[in-house]
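Single-structure report; data block below.
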Amino acid sequence: MENGTQILRPTQDPSECTKEVKSLMWVYVLVGNIVRGMGETPILPLGISYIEDFAKSENSPLYIGLIETGAIIGPLIGLLLASFCANVYVDTGSVNTDDLTITPTDTRWVGAWWFGFLICAGVNVLTAIPFFFLPKTLPKEGLENNADIIKNENEDKQREEDKKEKYGITKDFLPFMKSLSCNPIYMLFILISVIQFNAFVNIISFMPKYIEQQYGKSSSDAIFLIGIYNLPPICIGYIIGGLIMKKFKITVKQAAHIGCWLSLLEYLLHFLSFLVTCENSSVVGINTSYEGIPQDLYMGNNVFANCNVDCNCPSKIWDPVCGNNGLSYLSACLAGCETSIGMGINMVFQNCSCIQTSGNSSAVLGLCDKGPDCSMMLQYFLILSAMSSFIYSLAAIPGYMVLLRCMKSEEKSLGVGLHTFCTRVFAGIPAPIYFGALMDSTCLHWGTLKCGESGACRIYDSTTFRYIYLGLPAALRGSSFVPALIILILLRKYHLPGENASSGTELIETKVKGKKNECKDMYQKSTVLNDDELKTKL
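The numbers in the UniProt record's numbering rise by one with no breaks, and the one at position 222 of the sequence shown is 222.
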């Protein structure tokens, strides 16, 4: 090629390969995430049980909804921050960004991921300060006079003393674990959570990549759109769900039905996403021939043609250009371009022998845009995603109250903690691994590192990518409705106190007819006193 432009080429110098030492900085990131996880783990189980213990039963769904809303506002701000950081080059300050030949829409672009960590670290320190002023205990909400407060405190102290006498401080764990494991509704709820969390971890983790590949957006734009379209509806859904539980004094049975059928509605709505799609980007030598005819998956020898066979172009390079014929090429060299004008991202290649068009054949840096029709499909997808987020979050608070009210009060901290542990261990850790492996199987062209090793995927088969991204979560979530229906059936066999009264949201455990096993001893007889008090006889 007769130009002085910067065309990225993989080096063939073996000495440079031997000099390069792999960085161990990922260890610091790993340790930091472990410490962060240790710090945030107690917040959910202890915080939720704290609210359940000191709030009125009809008010706690609203309070929990507000907490969950706050947990969404944080990621919303985080996504906006991530969108900004992703739009800043990773080495900004140490390189001249004017000399860059790639833009944020290029798959080789790496944003300033480290900048967000610095900001969030300072914010975390500030938000930790108010927790030091949180009281250890509070009077039960609604007890307005001192006599009631003193009586409530005495009852709490008596319960603590009785519990210590029976189990001992260090002996509570195993009895509580046995009681929870023998609670069929609790165990089924954990199963549902693990299955659905597997689906949602996959959807959330790979949604930016899906929007990039399916609709041709940059990573920063994809993150920004997710934050704008998905998180506000989730916040609204949490608040409305809590208000409905408070306003209509929803019982556990009613909450279970609301959560199940709203989730089913959102699940059916999810299938419409299969219809709002875009075609694969037409890249010559990968999925399109040099004559512009679509072809099957990437074959190594297809990147060359008579128009570029004498250019000595590297076949593994990824420096895409868009020809004025509407087709993309792996590099300007493979497009047969001879000259170029301009610098940086404004560079234009001319006299491209492989671009079959009337007049001057030219190309510009980057893949070709997918067109206005694809932009419209993206809008439909985002609207569907927003509707799904709202409906599912509307069902989240009623469903969460089923979890809380199926346990005895002294088991709630352990129960919520165990629920969080199971979802993170059996869904949060493995889901991105196996889902990422499936995503990699749809790759059409891998980037190459300096020593010829495989790098990141540059372009995917968007059709197969779509089927995996939308289909696997749909299959997982579909299977979760089986234990959900079993919970609805089991709830018919349980007596729900105050179902026609104002406080009817706590579950009294009763024996299921015909069932005799070791779990039966763990369920203690309970009675309802004064309509608003549930006293467990130990």
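Even glycine gets a Cβ: it sits at the ideal position worked out from N, Cα and C. As the structure is a prediction and not an experimental result, all values here were calculated from the model.
In whole angstroms, give me the CA-to-CA distance for residue i and residue j.
i      : j      : result
Pro45  : Val416 : 5 Å
Ile192 : Ile487 : 10 Å
Gly242 : Gly259 : 12 Å
Ile468 : Val29  : 29 Å
Leu496 : Ala55  : Reliability fails at Leu496, whose pLDDT of 44 lies under 50, so the model's placement of it is uncertain and the value that follows must be treated cautiously. So the alpha carbons of these two residues sit roughly 19 Å apart.
Phe421 : Pro42  : 11 Å
Tyr210 : Lys253 : 38 Å
Ala386 : Ser219 : 19 Å
Lys316 : Ile391 : 46 Å
Ile34  : Phe115 : 19 Å
Met177 : Cys443 : 45 Å
Ile203 : Ile67  : 23 Å
Gln356 : Glu291 : 8 Å
Ala255 : Trp261 : 10 Å
Ile185 : Leu62  : 23 Å
Ser273 : Leu384 : 7 Å
Asn360 : Ser340 : 13 Å
Ala71  : Gly237 : 13 Å
Ile459 : Ser281 : 9 Å
Glu52  : Ser60  : 6 Å
Leu470 : Leu382 : 14 Å
Thr69  : Pro75  : 10 Å
Thr92  : Ala363 : 28 Å
Phe349 : Val283 : 17 Å
Glu506 : Glu410 : Interpretation of Glu506 is limited by its pLDDT of 40, a score under 50 that renders its predicted location unreliable; no figure is taken from the coordinates.
For residue i, which three-state DSSP category applies?
i      : result
Tyr63  : helix
Glu165 : Below a pLDDT of 50, predicted positions are generally treated as unreliable, and Glu165, at 48, falls in that range; no measurement from the model is reported.
Trp446 : strand
Tyr467 : helix
Thr527 : Confidence in Thr527 is poor, its pLDDT being 37 and thus under 50, which makes the residue's placement too unreliable to answer from.
Gly455 : strand
Val31  : helix
Tyr215 : helix
Tyr494 : coil
Pro130 : helix
Asn183 : coil
Ile102 : coil
Gly336 : coil
Gly371 : coil
Lys178 : helix
Val309 : coil
Asp53  : helix
Closest by CA to residue i, which one among the options?
i      : options                        : result
Asp461 : Trp446, Phe481, Gly455, Tyr267 : Trp446
Ile429 : Tyr329, Arg458, Asp172, Ser205 : Ser205
Gly455 : Trp26, Arg108, Tyr210          : Arg108
Gly371 : Thr277, Gly116, Phe189, Ile203 : Thr277
Ala431 : Met377, Pro208, Leu472, Leu444 : Leu472
Arg466 : Glu279, Val283, Glu453, Gly478 : Glu279
Phe271 : Leu327, Asn183, Tyr89, Tyr380  : Tyr380
Phe189 : His419, Leu470, Ser479, Arg477 : His419
Ala426 : Val201, Met439, Leu367         : The sequence given here has Phe at residue 426, not Ala. When only C-alpha atoms are compared, the closest one is Val201.
Arg213 : Val284, Ile195, Thr105, Phe132 : Contrary to the premise, residue 213 reads as Gln rather than Arg in this sequence. Among Val284, Ile195, Thr105, Phe132, the Cα nearest to that of Gln213 belongs to Thr105.
His257 : Cys307, Lys493, Leu485         : Leu485
Ser331 : Ile286, Gly216, Gly111, Asp99  : Ile286
Run through the DSSP bridge pairs and tell me what residue i is partnered with.
i      : result
Pro294 : Thr288
Tyr238 : Tyr238 is not bridged to any residue.
Gly111 : Tyr89
Val348 : Ile341, Val364
Gly323 : Ala363
Ser328 : Val283, Cys322
Val95  : Thr92
Tyr460 : Cys443
Counting contacts by CB-CB distance shorter than 8 Å, is residue i in contact with chain C?
i      : result
Phe274 : Of the protein chains in this structure there is only one, and it is not chain C.
Could you tell me whether any non-hydrogen atom of the ligand GTP is closer than 7 Å to the CB of residue i?
i      : result
Cys352 : Looking at this structure, you won't find the ligand GTP or any other ligand, since it has none at all.
Any 3 or more C-beta pairs closer than 8 Å across the segment 228 to 245 and the segment 112 to 126: no
Meets three-Cβ-pair contact criterion under 8 Å: the segment 330 to 340 and the segment 302 to 319: yes
Inter-stretch contact (C-beta, 8 Å, three-pair minimum) for the segment 389 to 409 and the segment 259 to 274: yes
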